[in-house]
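Presented below is the structure to which this report refers.
There are 2 protein chains.
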Amino acid sequence: MPRTIDHDERRQLIGEAVWRLVLREGVGAVSLRTVAAEAGLVLGSLRHSFPTKAELLAFAMRLAHERAAARVARHRRVRDPRRRAVAALRELLPLDDERTVEMHVHLALLAEGPRHQELTALADDAQEAIRALCLQCLTDLRDAGQIAADRHLGRETTTLHALLDGLALHAMRDPRLRRAATRALDDHLDALARPLP
Amino acid sequence: MPRTIDHDERRQLIGEAVWRLVLREGVGAVSLRTVAAEAGLVLGSLRHSFPTKAELLAFAMRLAHERAAARVARHRRVRDPRRRAVAALRELLPLDDERTVEMHVHLALLAEGPRHQELTALADDAQEAIRALCLQCLTDLRDAGQIAADRHLGRETTTLHALLDGLALHAMRDPRLRRAATRALDDHLDALARPLP
DNA sequence: TTGATGTTAGCACGATCGTGCTACTGTCCT
DNA sequence: AGGACAGTAGCACGATCGTGCTAACATCAA
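In order, the protein sequence lines correspond to chains A and B.
The working numbering runs 40 ahead of the 1-based position in the first sequence.
The working numbering runs 40 ahead of the 1-based position in the second sequence.
Pasting the structure below:
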């Protein structure tokens, strides 16, 4: 049944065409016609894979989330909790072009939220998943004795999550900040090992 | 010469109409016609104040930045450095609807960046200004002995800036996080007072 | 009152948009 | 071989877009 596989592959190629367009020309330049041209298709062909624009945008955002989630999951088997946490969280920082474009796509499509409300729901899910990842990392670190016992995990999750997304937001727009972002993340995890007062 | 004053006031009213549209329907719904309708004007009238769409978008973003900067500046005379820092930084968290809409406008128009490159420049300026504010706050706190001397101010600025924007990003989308965001900011400043190792 | 000037109102044009719909093409099942 | 059908290509429609341009209007100086 190679038909359906080709179908999915094609949809991914089209989704990546949306990404390139968002990155290069902004989300305002995304139309069914421009996406078709970017993907090397004709309008009618693209509309066979994505009958409506809403489906196309939702797929493009979901694809970015899935790619990121797959990279994060790849580090699940790392033994040391600290190394595992750093490896996972770094996948959510725009440290290379692949991660940068995912970040741009996520934010750009989020800005289209009110129009296509499915995008808002997708973004909510992704945000909640990242918060859950942060909590998991902190829980593992605490269980391994690498976080002071008097830390409030919920609050630390809020802080780590915000720090992560804030670093991503800045590094996304200035690649020179990539090193600083990774260092800031490391330093923060270091600081958690020390008792509070 | 009340003419020019009315002119500026009108431009601000139009800019706020852009804000409402961005918040309610998304940046994709911003056109000269929809903005004119939102502002209670006819297309021709709006185009007298803003001949092109690029000017309108740039003004709307600049207006958001200026409003925020004015609120920040209002706390300059607070004596205690810690209180001054908290007061200033809180003006950049979406703790009420006014600050929330500014945040949304900033991010939404940033997503239009590649098309209207002036928006990118404006966002860069705003981001640099916020970083400078973070550095100023940290410098003042250190001079007042409220930051451990072994802290690296540059790195702490990166972290504070990222934490601030990350908290804003999250609280913007879920008002329930407003309290958590303010607490996280307070806690972070508290933590800076303790020595590193 | 009249004329100058700045504001408001509106038309028109070419371009582009999303989408419904119809043909054409190739590939696999029977 | 031939029919079924998924996939490709493309037309057409109404709507909306940004913008150049002109006409009506208000306000104040002379």
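Here a beta-carbon is modelled for each residue, glycine too, at the ideal position from N, C-alpha and C.
Would you kindly work out how many angstroms separate the C-alpha atoms of residue i and residue j, rounded to a whole number?
| i | j | result |
| --- | --- | --- |
| A/Thr44 | A/Leu129 | Note that A/Thr44 scores a pLDDT of 41, beneath 50, so its modelled location is shaky; the value from the coordinates is reported in the next line. The straight-line gap from Cα to Cα measures roughly 34 angstroms. |
| A/Ala233 | A/Val141 | 33 angstroms |
| B/Arg95 | B/Leu103 | Residue identity differs from the one stated: residue 95 of chain B is Glu in this sequence, not Arg. Between B/Glu95 and B/Leu103, the C-alpha separation is close to 12 angstroms. |
| A/Val62 | A/Arg213 | 14 angstroms |
| B/Leu143 | A/Asp227 | Reading off the sequence shown, one finds Met at residue 143 of chain B, where the question assumed Leu. So the alpha carbons of these two residues sit roughly 28 angstroms apart. |
| A/Asp183 | B/Asp120 | 40 angstroms |
| B/Asp190 | A/Ala169 | 36 angstroms |
| A/Ala69 | B/Gln52 | 27 angstroms |
| B/Arg64 | A/Pro154 | 6 angstroms |
| B/Val112 | B/Asp164 | 18 angstroms |
| B/Thr74 | B/Pro91 | 15 angstroms |
| A/Arg116 | B/Asp205 | 29 angstroms |
| A/Gly66 | B/Gly66 | 14 angstroms |
| A/Glu152 | A/Arg107 | 21 angstroms |
| A/Arg114 | A/His192 | 28 angstroms |
Give the residues of chain B in contact with residue i, contact being defined as C-beta atoms less than 7 angstroms apart.
| i | result |
| --- | --- |
| A/Gly66 | Ala151, Glu152, Gly153, Pro154, Arg155 |
Within a Cβ cutoff of 7 angstroms, which residues of the same chain sit near residue i, ignoring the five residues on either side of it in sequence?
| i | result |
| --- | --- |
| B/Lys93 | Leu72 |
| B/Val118 | Arg124, Ala127 |
| A/Glu78 | Ala57, Arg60, Leu61 |
Just the chain A side, please: which residues come within less than 9 angstroms of residue i by C-beta, in chain order?
| i | result |
| --- | --- |
| B/Gly206 | Thr199, His201, Ala202, Leu203, Leu204, Asp205, Gly206, Leu207, Ala208, Leu209 |
| B/Arg223 | Arg195, Thr198 |
So, at 8 angstroms on beta carbons, what are the nonlocal neighbours of residue i in its own chain, with the 5 sequence-adjacent residues on each side left out?
| i | result |
| --- | --- |
| B/Ser85 | Ala76 |
| B/Thr222 | Arg130, Leu133, Leu135 |
| A/Thr197 | Arg171, Cys174, Leu175, Leu178 |
| B/Ala224 | Leu203, Leu207 |
| B/Ala98 | His156, Glu158, Leu159, Leu162 |
| A/Pro42 | Because the pLDDT at A/Pro42 is just 34, under 50, the model does not fix this residue reliably, and the value given afterwards should be weighed accordingly. Counting only Cβ-Cβ distances below 8 angstroms, and skipping sequence neighbours, we find nothing. |
| B/Val82 | Ala76 |
| A/Arg122 | Leu181, Ala184, Gln186, Leu229 |
Measure from the alpha carbon of residue i to the alpha carbon of each residue in the options, then state which is nearest.
| i | options | result |
| --- | --- | --- |
| A/Leu175 | A/Ala151, A/Leu147, A/Ala202 | A/Ala202 |
| B/Leu181 | B/Val82, B/His156, B/Val126 | B/Val126 |
| A/Ala283 | A/Pro215, A/Arg139, A/Arg216 | Outside the displayed range of chain A (41 to 237) lies residue 283 of chain A, so it cannot be described from this structure. |
| B/Gly194 | A/Leu217, A/Arg124, A/Asp190, A/Arg191 | A/Leu217 |
| A/Gln186 | A/Gly55, A/Leu229, A/Thr160, A/Leu200 | A/Leu229 |
| B/Asp48 | B/Ser89, B/His192, B/Arg155 | B/Ser89 |
| B/Glu158 | B/Met101, B/Arg64, B/Val70 | B/Met101 |
| B/Ala188 | B/Arg155, B/Ala231, B/Ala220 | B/Ala231 |
| B/Arg219 | A/Pro215, A/Thr199, A/Ala220, A/Arg219 | A/Thr199 |
| B/Arg87 | B/Asp137, B/Ile54, B/Pro154, B/Gly153 | B/Ile54 |
| A/Pro215 | A/Glu152, A/Asp137, A/Arg107 | A/Asp137 |
| A/Gly80 | A/Arg50, A/Gly66, A/Arg107, A/Val67 | A/Arg50 |
Listing by chain order, which chain A residues have their CB less than 8 angstroms from the CB of residue i?
| i | result |
| --- | --- |
| B/His228 | Thr199 |
| B/Ala251 | It is not possible to answer for residue 251 of chain B, since the shown part of chain B is limited to 41 through 237. |
| B/Ala172 | Result: empty, since nearest Cβ-Cβ is about 14 angstroms, beyond 8 angstroms. |
| B/Ala69 | Pro154, Arg155 |
Could you name the residues of chain A that residue i contacts, counting a contact when the two beta carbons are closer than 7 angstroms?
| i | result |
| --- | --- |
| B/Leu147 | Leu147, Ala151 |
| B/Arg216 | Correct list: empty, because the minimum Cβ distance to chain A is about 12 angstroms. |
For residue i, which residues from the same chain have a beta carbon less than 6 angstroms from its beta carbon, with the 5 sequence-adjacent residues on both sides left out?
| i | result |
| --- | --- |
| A/His105 | Ala166 |
Validate contact between the stretch 138-154 of chain A and the stretch 208-220 of chain A using beta carbons, cut 8 angstroms, 3 pairs
yes
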